[in-house]
Every structure is written in structure tokens, then in C-alpha cells.
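A short worksheet on the structure shown next.
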Amino acid sequence: MKLEGIHHVTAITADAQRNVDFYAGVLGLRLVKKSVNQDYTSVYHLFYADETGDPGSDITFFEYPGLAKGRAGAGMVHRIVWRATGEEALDFWQARLSEHGYESSRAVGSLTFHDFEGLEHELLVVETTDEPLVAQHPDIPAELALQGFHAVRAYTHDPGRSRPLLEDALGFESADQFESADQAESADPSESADQFESADLPESADQTPPTTDRTQASQATAAAWEARGAHRGGYYIYDAPPEERGVQGAGTVHHVAWASRPDEQAGWREKVVQAGAHPTPVIDRYYFRSVYFREPSGVLFEIATIGPGFTVDEPLERLGDKLSLTPQFEHLRDQIEPTLTPLRNPRESWARR
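Counting from 1, position 302 in the sequence shown corresponds to residue 517 in my numbering; the numbering is continuous, with no gaps.
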């Protein structure tokens, strides 16, 4: 069994409309599903991806209106890394971000920037045989568009603490030669994966990873691993954490999901159990099935199936047009929909051009 790289990354926002404006409008991703948090149906769960909603390009957000901004710290993902085709693409994005009022930092082969709530992104020039995962946008040529996920970077003091689970249970392969424009020197563990036992925990916004006893942390250098399957791969990278304790809030990553074939998910769950972690049961999210657990450094992981996919309840050409409710909530539509703020999708204006 091999995991097929990153399935999706889920983060938190306090403003759904500004979130749509940035990720669909500025970054040019497609809003492929407008749904609700399955544990808190009064708030949105928004999904952005490539044109067909493929795993490997899907960034999602829980909206908690009015939530204070968070801060990435030990045991949290602090940066999402996207693939770019070359320096011309970085030139394009540096200019586009500036036009929309966003600062960026340029290095050879890399462009870093933050969204309006402080969530950090990096565009990294990557040579890969993986299929590009691109969304259509009238102002963004396909060859310059975001090409899908390449990596997530997390903070930890001790990468070695997570190595057995990553390598022996999840089949990640060491890739310590991985470099980015600002390769850091270390990374941190939190409390064990035992901290995550409840099935509804992944959907809540107030789960700050436990603190680490810094006196026991090693001085390990940054480490990286690759999860690569037959069709796709993605990297998981550790960096040394800041001194300030992390706080879960708007502009922070909630969890990262790794892609599994549907018939292999039970096998992955068993491997996680054997590694000493405490995964949830398999949870049916309708668009995919999920298993959640914390890896030893404190980052919340999910193993999500490739499929059924977002077209299970909407045709491809209409993805994201209306509020999608899974069958367990459809009968509550008249109660749920009035509690949500109507959202403008930038795609609605394309036909008027």
C-alpha cells in the first residue's frame, strides 16, 4: 500500500466571503463545493480545488465568523506549498498578488505570501511527472496557474519522534535533501497521538495542539518525507518552531489529509493502530471517507479516500453553484440555509465579460 500524496488541507477562516474572493478570485482555484461543517451545520465548509475537484489540489475551510486570528506554533502546519511551472509563473503571481494588495517574498524558484488572515503559502518551481491539477480562470493562463499541492511544512522540535509512524506505519520515505528558499533547521513534537480520540474533534475550531516540554526537545535539524503512490506524491516537512505557543484560529491549518485508495483505508487504519496512535473509526464524509489521528508531533492527520468525489451530488459543470448538503442533512435545508450568509462566487461574473 502507498498513500497518493496530499489529499486535502483544511484550514480555518473567520470570513467566508473574503475567503472566496481570495482563493477563487485571486488564486484562481475553483469553488467546487459549498457545504457546511458536518458537526456544526450553522457554519460553512468551503472546498477549493482544480477544475474537476481532484485530490491533491483541494484546500478547504471551516468558517467561524468573528473568530480571532490564530498563530502557528509547535505541532501545527505553518505553510502550504504549491507547485509552479517556472520563474515566469512566479513573475506572474508576484505581480498578480501585488495588484490585489498582497505582499510577497521572492527567491530563486520560490514565492511566499500570506492570505488576508495570515495563512502562509509558497509557490515552488517543481519538476515532476505528476499530472498538473489546474483550475480555469479567465485571467490566469493554465501554464502559470497553481499546479496542485507539493508539500506542507509543520513545526516540531523533534522530527525523530514522528519518524516511526511516518515511515513504518504510513510508508513515507525520507527526503531530507528537500530544500526550499528558506530551509529551516529543525522541527517539534507535542503530546502523543492519544490526544485525538473523538470523531467530532476534526470539525471543531478550538483544538490547539498540546504544548511541548522544551527541556526534553532534541536539537534535530529539519527533516522531510515524501508520501508517493503510483500516481502522485507530496512532501511533509518539519521546521524549528517559534518560541510563542501556537493558537488555533483564523488563518491556521486545522489538519492535513493524505490520499488513500478506498479499498486500502481499513488497512491504513490498522497500521496506525499498530503504531500506537489512536485513530477514529472510519467516518463517512459522503464525498470521501475519513480516519483522523494525531501524529506524535501534534499535527492532526487524516487519511481520506480518493472518491466518491464532489460530483456525487452535483454535475461537474455546476460544482459549487449552490449549497450542497449531504443526505443526512438535506431534510434540514430550510433550517440551515437561512443561517448562512449568501456568498458571491467570482465565476458568476465571467459570463458578463
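Every residue, glycine too, gets a C-beta built ideally from N, C-alpha and C. These numbers were taken from a predicted model, which means no experiment stands behind them.
The beta carbon of Asp-528 lies closer than 7 Å to those of Ser-539 in the same chain, with the five residues before and after it left out. Looking from the CA of Arg-245, the closest CA among Ala-439, Ile-295, Val-235 and Gly-513 belongs to Val-235.
In terms of Cβ geometry, Gly-333 and Gly-271 do not form a close pair [threshold 8 Å]. Put simply, of Gly-243, Tyr-279 and Ala-283 the residue whose alpha carbon is nearest the alpha carbon of Trp-297 is Gly-243.
Distances from the alpha-carbon of Pro-477 to those of Ala-310, Ile-518, Gly-461 and Glu-485 put Ile-518 closest.
Rounded to the nearest angstrom, the Cβ distance from His-469 to Thr-225 is 5 Å, consistent with a contact under 8 Å. Put simply, the backbone Cα of His-315 is about 7 Å away from that of Val-241. Relative to the Cα of His-365, the nearest Cα in the group Leu-338, Asp-254 and Pro-511 belongs to Leu-338. Assigned with DSSP and collapsed to three states, Ala-481 falls in helix. The shortest C-alpha to C-alpha distance from His-493 to any of Leu-380, Glu-266, Val-251 and Pro-374 is the one to Leu-380. Contact annotation: Arg-294 and His-260 have beta-carbon atoms that are not nearer than 8 Å. Judged by beta-carbon spacing, Ala-239 lies within the 8 Å limit of Pro-561, meaning their Cβ atoms are closer than that value. Boundaries of the beta strand (DSSP E) harbouring Val-292: 292–299, taken from the DSSP string.
When DSSP assignments are scanned along the segment 314–378, the uninterrupted stretches of beta strand (DSSP E) that are 3 or more residues long and fall wholly within it turn out to be 319–322, 325–329, 335–340 and 364–370. Note that the C-beta distance between Ala-442 and Leu-218 is below 8 Å. For Val-514, there is no enclosing alpha helix (DSSP H), as DSSP gives it neither H nor E. Around the beta carbon of Asp-306, fewer than 16 other beta carbons lie within 10 angstroms, which makes this residue exposed. Glu-459 is positioned such that its CB atom lies closer than 8 Å to that of Gly-288. Rounded to whole angstroms, Leu-359 and Asp-373 show a C-alpha spacing of 37 Å. For Tyr-501, the CB contacts under 6 Å within the same chain, skipping 5 residues up- and downstream, are Thr-541 in chain order.
Bounds of any alpha helix (DSSP H) do not take in Val-468; it lies within the beta strand (DSSP E) bounded by 468–475. Around Glu-278, the same chain offers Thr-228, Ala-231, Val-258 and Tyr-259 as residues with beta carbons nearer than 6 Å, after the five sequence neighbours per side are excluded.
DSSP places Val-258 in the coil class of the three-state scheme, outside both helix and strand. Going by beta carbons, Glu-266 and Ala-384 fall outside the 8 Å limit. Looking at the backbone, the Cα of Gly-535 and that of Val-247 are separated by about 4 Å. Phe-525 has its alpha-carbon roughly 11 Å from the corresponding atom of Arg-533.
The C-alpha of Asp-454 lies about 41 Å from the C-alpha of Glu-552.
Ala-439 has its alpha-carbon roughly 22 Å from the corresponding atom of Arg-321.
Bounds of any alpha helix (DSSP H) do not take in Phe-237, whose DSSP letter is neither H nor E. A Cβ-Cβ contact shorter than 8 Å links Ala-390 with Tyr-450.
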